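Student: In terms of the numbering used here, the sequence shown opens at residue 821 and continues consecutively.
C-beta atoms are modelled at their ideal positions from N, C-alpha and C, and glycine is treated no differently.
Remember, predicted model here, so these are calculated numbers, not experimental data.
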Amino acid sequence: MATAKVKFETVEQYISSFPQNVQQVLKEVRTCIRKAVPEAEEVISYQMPAFRFNGWIFYYSAYTNHYSLSCPPPFTVFEKFKTELKPYEVSKSAIKFPLDQPVPKNLIMEMARFRMQENNKKPGKK
821 MATAKVKFET
831 VEQYISSFPQ
841 NVQQVLKEVR
851 TCIRKAVPEA
861 EEVISYQMPA
871 FRFNGWIFYY
881 SAYTNHYSLS
891 CPPPFTVFEK
901 FKTELKPYEV
911 SKSAIKFPLD
921 QPVPKNLIME
931 MARFRMQENN
941 KKPGKK
């Protein structure tokens with residue numbers, strides 16, 4: 821499994837550092853965000869895969885029993901999708917999804933689109 825000692829240069833390198841079952845989940849999350857925001861740039865930031873388009877969309881990462889989506893402020897996405905996120909553990913800046921449950925693809929895509937729209941409303945953005 822991934823460790824803090826590895827310096828990831830690419831998203832592929834990050835994903836491939838996990839067992840096959842976790843890789844599959846991370847690939848599904850990645851695909852969801854790509855579909856929702858095809859114009860987004862994919863990068864490694866803070867040693868995690870992330871997408872940005874006029875600002876950060878989401879970071880995503882995997883752990884022993886869960887994977888997370890996180891974002892910098894504003895955190896309005898968590899309030900907007902409060903009902904849909906009830907089954908999951910939500911902190912101030914992240915959502916934990918259990919690795920042993922199906923990836924909530926539609927929810928992730930909807931939240932990514934919401935983050936893109938939110939970023940597009942920032943001053944100085946078209």
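1. Rounding to the nearest angstrom, what Cα-Cα distance links M936 and P839 in this structure?
2. Could you check the C-alpha separation between A870 and I877 for me, to the nearest Å?
3. Measure the alpha-carbon distance for A882 versus M931 and round it to whole angstroms.
4. By how many angstroms is the C-alpha of T830 removed from the C-alpha of L927?
5. Quick one: is N940 buried, meaning 16 or more other Cβ sit within 10 Å of its Cβ, or exposed?
Tutor: So, from the data block:
1. 31 Å
2. 7 Å
3. 19 Å
4. 26 Å
5. exposed
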